């Protein structure tokens, strides 16, 4: 594969995690392999440069053997040389190994790993040491303007920067000091140390389990490809240019993602308001992707508003069976007062119901109450020894995804006596810690008073419609939880929540339709995740192909082809104009023909800027044009199949959907 093809096909993996970061890595790999700029026969060779610089006393120090014959891991231009770090440094050391007293005031700044950033030394959280402490540290580790500072200990190991501070300061041993000799341009050394190749040189020898560490001896043994000094400066200029273009591309992608998110939300809102075939097309517009989470939310909203399935005039209206239930329930008594909760004005019915539907509340529909756990402390072992009765906690409900299949502990008979068994099929709703999470018990179980149980009265067929409703109500109910460490709402708030109740027959149709659609969205989510992984694998393979390496080492065989059995179910987005609100215009909208996206122009600039090295990467090592074509065809096929299936389930191609 050629570099030209790489840029042409960038959109195939542009949504892979860190796609622009991979381009940055590729640029740095080209840089340290002599593929980024052309060589000039007039340049003083690196070998001659090293000999000339070696005449200075500073370079002739213990452990530096300029006569060492080094066989590098890959081929470099003839004018280059393989060296070890000490060959191009006048000093390689680190800061103090004994953390000295330091504070917000003192005589000299004290720099640690937390202050080292890619763009320099951050002074916002700097501390200070006394002159006496500084003099002791500085006598061995004396950073100067233009030196390289490298984090060698901790979670941020590998970050390198150029010191821009002109005044003396002290350092901790988590930071290494590299003083470049005249043989190397400090900015070339910086870019080289940020390259995947150098990272692989140090990564394999990192020490420590809890805290990663690169020792000075590992750094001293690390290899570095050294170009002629003049070429080093040309490489730095080219890298700076390409990195600036990568910055632009990254910014454009972020802007595009923001705009597409706005468009996606507007499309979902429009479809939820009017689920017509025309509005369904907006869910599959190539300019954006609707997330599975948003699809689920819209499906459930349509379900509880009576917009997911057709109403049947022959269905018995909900009001009839609700009256029957209310007459049977002992809890439905004249004059019963609500517990403390939301005001009546906050309990306004939120939307107009379809014919045959009715509004009701949990307490009017069946058994509704908090769980029990009277004993204190609740974790008293006397409640659990030899237990056989399942105890469900809020965490079990939160991770249920609709069906509670786990339990936290087992009560014994003593524990059961201070609690209560709820039967399988009970709807559980959390009112503490996790607010308004819901799930249906898959077994008989107890739960504490931080969980509310609901068992619908006959003739309601099941509790599943109500579980779907609770998912739509969660965001609203969370607003009533006070902003405290332990969030909670009281039972009175749940008691006053209005629930839209369909006729019994329609409830069954709604649940069946939601189940179908949720299964499809689950499949879509799996495909999206797999396609992102596939795109990431493809990008990694392409980078390896263009550099001929894997993690900095030469590849002995063609890279494995990523799995393309599942691909992204939508074509690559193109930038669209920003919208003013989260609602699309009421009139039909015809998407404008896609304009040349900004990122395409930036990619063209990247391609042009890297043009001198195209001939060096022209040979393919595994992936080929046929494979790329296969991937593109697969993406289109999956997108069309997903669209047909969802359209069919929503009734766009039949008479199911209510237009």
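Residue numbers (the numbering used here): 15 to 673.
Beta carbons: idealized from backbone N, C-alpha and C, even for Gly.
Quantities reported herein were computed from a predicted structural model and do not represent experimental measurements.
Item to check | Nearest-angstrom Cβ-Cβ length linking residue 679 and residue 240, presumed shorter than 8 Å | outcome: Absent from the structure is residue 679, since the part of the chain shown begins at 15 and ends at 673.
Next on the checklist: Here's the rule: buried if 16 or more other CB atoms are within 10 angstroms of the residue's CB, otherwise exposed. What is residue 199?
Outcome noted: Residue mapping note: residue 199 aligns to position 185 of the chain shown, counting from 1. Buried, because 16 or more other Cβ atoms sit within 10 Å of the Cβ of residue 199.
Item to check | Under 8 Å between C-beta atoms of residue 496 and residue 480 | outcome: Against the chain shown, residue 496 aligns to sequence position 482. Against the chain shown, residue 480 aligns to sequence position 466. No.
Checklist entry - With residue 409 and residue 422 assumed to form a contact (beta carbons below 8 Å), what rounded beta-carbon distance in angstroms separates them? => result Here the question's residue 409 lines up with position 395 in the chain shown. Here the question's residue 422 lines up with position 408 in the chain shown. With 8 Å as the limit, residue 409 and residue 422 qualify as a contact, their Cβ atoms being about 7 Å apart.
Item to check | Endpoints, the alpha helix (DSSP H) within which residue 514 is located | outcome: Here residue 514 is taken as the residue at index 500 of the chain shown, counted from 1. Looking at the DSSP string, residue 514 is not in any alpha helix (DSSP H); the run it does join, the beta strand (DSSP E), is 513-515.
Checklist entry - What did DSSP end up calling residue 343 once you bin it into helix, strand or coil? => result Working through the chain shown from its first residue, we reach residue 343 at position 329. Coil, per DSSP.
Next on the checklist: Whole angstroms are fine: how far does the CA of residue 323 sit from the CA of residue 317?
Outcome noted: The residue given as residue 317 occupies position 303 in the chain shown. The residue given as residue 323 occupies position 309 in the chain shown. When rounded, the distance between both Cα atoms is 8 Å.
Checklist entry - Alpha carbon to alpha carbon, what distance is there between residue 377 and residue 275? => result Numbered from its first residue, the chain shown carries residue 275 at position 261. Numbered from its first residue, the chain shown carries residue 377 at position 363. Computed Cα separation, rounded: 39 Å.
Next on the checklist: Alpha carbons only, please: which of 63, 142 and 415 is nearest the one belonging to residue 196?
Outcome noted: Within the chain shown, numbered from 1, the residue matching residue 196 stands at position 182. Comparing Cα-Cα distances from residue 196 to each of 63, 142 and 415, the minimum goes to 63.
Item to check | For residue 442, three-class secondary structure by DSSP | outcome: As a working note, residue 442 is residue 428 in the chain shown. Reduced to three states, the DSSP call for residue 442 is strand.
Checklist entry - In three-state terms, what does DSSP make of residue 167? => result Counting from one through the chain shown, the residue named residue 167 turns up at place 153. Looking at residue 167 - three-state DSSP - the assignment turns out to be strand.
Item to check | At least 3 beta-carbon pairs within less than 8 Å: the region 520-530 vs the region 375-390 | outcome: no
Item to check | With 16 other Cβ atoms within 10 Å as the buried cut-off, status of residue 536 | outcome: Locating residue 536 in the chain shown gives position 522, counting from the first residue. The residue in question, residue 536, is exposed, as its Cβ has fewer than 16 Cβ neighbours within 10 Å.
Checklist entry - So residue 383 is in the alpha helix (DSSP H); what residue range does that whole segment cover? => result Counted from its first residue, the chain shown places residue 383 at position 369. No alpha helix (DSSP H) contains residue 383, which is instead part of the beta strand (DSSP E) from 380-384.
Item to check | Three-way DSSP call (helix, strand, coil) for residue 449 in this model | outcome: For the purposes of this step, residue 449 is taken as the residue at position 435 of the chain shown. DSSP places residue 449 in strand when its eight states are reduced to three.
Item to check | Counted within 10 angstroms of its Cβ, other Cβ atoms place residue 101 as buried (16 or more) or exposed | outcome: If you number the chain shown from 1, residue 101 lands on position 87. Burial call: buried.
Checklist entry - Residues in its own chain within less than 8 Å of residue 158 by CB, not counting five upstream and five downstream? => result Position 144 of the chain shown, counting from 1, holds the residue named residue 158. Within the same chain, residue 158 has close Cβ partners 177 and 193.
Checklist entry - Can you name the start and end residues of the alpha helix (DSSP H) that residue 422 belongs to? => result Within the chain shown, numbered from 1, the residue matching residue 422 stands at position 408. Premise fails: residue 422 is in no alpha helix (DSSP H) and is neither H nor E.
Checklist entry - Taking the DSSP output, what are the residues bridged to residue 134? => result Within the chain shown, residue 134 is the residue found at index 120, counting from 1. DSSP output for residue 134 lists 131 as bridge partner(s).
Next on the checklist: Looking only at its chain, what residues have a beta carbon closer than 8 Å to the beta carbon of residue 580, apart from the 5 residues adjacent to it on each side?
Outcome noted: Counting from one through the chain shown, the residue named residue 580 turns up at place 566. With a pLDDT of only 28 at residue 580, under 50, the local geometry of the prediction cannot be trusted, and the value read off the model is given with reservation. Excluding residues within five positions, the ones whose Cβ falls inside 8 Å are 540, 541, 544, 545, 548 and 652.
Next on the checklist: Could you pull the DSSP bridge partners for residue 237 from this structure?
Outcome noted: Sequence index remark: in the chain shown, residue 237 carries index 223 (1-based). BP columns for residue 237 point to 98.
Next on the checklist: Taking DSSP's pairing of strands, which residues face residue 460 in a bridge?
Outcome noted: Locating residue 460 in the chain shown gives position 446, where the first residue counts as 1. Beta-bridge pairing links residue 460 to 405.
Next on the checklist: What I want to know is whether the C-beta of residue 162 ends up closer than 7 Å to one or more non-hydrogen atoms of the ligand GTP.
Outcome noted: Judged by which ligands are present, the structure shown has none, so any question about the ligand GTP falls away.
Checklist entry - Hey, how far is the Cα of residue 477 from the Cα of residue 411? => result In the chain shown, the residue the question calls residue 477 occupies position 463. In the chain shown, the residue the question calls residue 411 occupies position 397. Between residue 477 and residue 411, the C-alpha separation is close to 15 Å.
Checklist entry - Three-state secondary structure (DSSP) at residue 398? => result Numbered from its first residue, the chain shown carries residue 398 at position 384. In the structure shown, residue 398 sits in coil (DSSP, three-state: anything other than H, G, I, E or B).
Item to check | For residue 399 and residue 429, the rounded distance between their alpha carbons | outcome: Within the chain shown, numbered from 1, the residue matching residue 429 stands at position 415. Within the chain shown, numbered from 1, the residue matching residue 399 stands at position 385. In a straight line, the C-alpha of residue 429 is about 9 Å away from that of residue 399.
Item to check | Meets three-Cβ-pair contact criterion under 8 Å: the region 142-151 and the region 120-128 | outcome: yes
Checklist entry - What's the call for residue 396, buried or exposed, on a 16-neighbour Cβ count within 10 Å? => result Walking along the chain shown from the start, residue 396 turns up at place 382. Its Cβ having fewer than 16 others within 10 Å, residue 396 is exposed.
Item to check | Whole-angstrom C-beta distance between residue 367 and residue 514, which should lie under 8 Å | outcome: For the purposes of this step, residue 514 is taken as the residue at position 500 of the chain shown. For the purposes of this step, residue 367 is taken as the residue at position 353 of the chain shown. Right, their Cβ atoms sit about 6 Å apart.
Checklist entry - If you draw a straight line from the alpha carbon of residue 3 to that of residue 105, how long is it in whole angstroms? => result Beyond the ends of the chain as shown, which are 15 and 673, falls residue 3; an answer cannot be given.
Item to check | residue 55: first and last residue of the uninterrupted beta strand (DSSP E) it sits in | outcome: Looking up residue 55 in the chain shown gives position 41. It is not in any beta strand (DSSP E) - residue 55 carries neither H nor E in the DSSP assignment.
Item to check | Reduced DSSP category for residue 328 - H, G, I as helix; E, B as strand; rest coil | outcome: Taking the first residue of the chain shown as position 1, residue 328 is located at position 314. Residue 328: coil per DSSP, three-state reduction.
Item to check | residue 257 to residue 118 span [Cα, whole Å] | outcome: Numbered from 1 along the chain shown, position 243 holds the residue referred to as residue 257. Numbered from 1 along the chain shown, position 104 holds the residue referred to as residue 118. Cα-Cα distance, rounded: 36 Å.
Item to check | Rounded Cβ spacing between residue 443 and residue 468 (contact assumed at less than 8 Å) | outcome: Position 429 of the chain shown holds residue 443. Position 454 of the chain shown holds residue 468. Confirmed, Cβ separation roughly 7 Å.
Next on the checklist: Between the alpha carbons of residue 592 and residue 533, how many angstroms are there, rounded?
Outcome noted: The residue given as residue 592 occupies position 578 in the chain shown. The residue given as residue 533 occupies position 519 in the chain shown. At residue 592, the pLDDT of 31 sits below 50, so the modelled position is not reliable and the matter cannot be decided from this model.
Item to check | Pairwise C-alpha distance: residue 169 and residue 84 | outcome: If you number the chain shown from 1, residue 84 lands on position 70. If you number the chain shown from 1, residue 169 lands on position 155. Roughly 31 Å between the two C-alpha positions.
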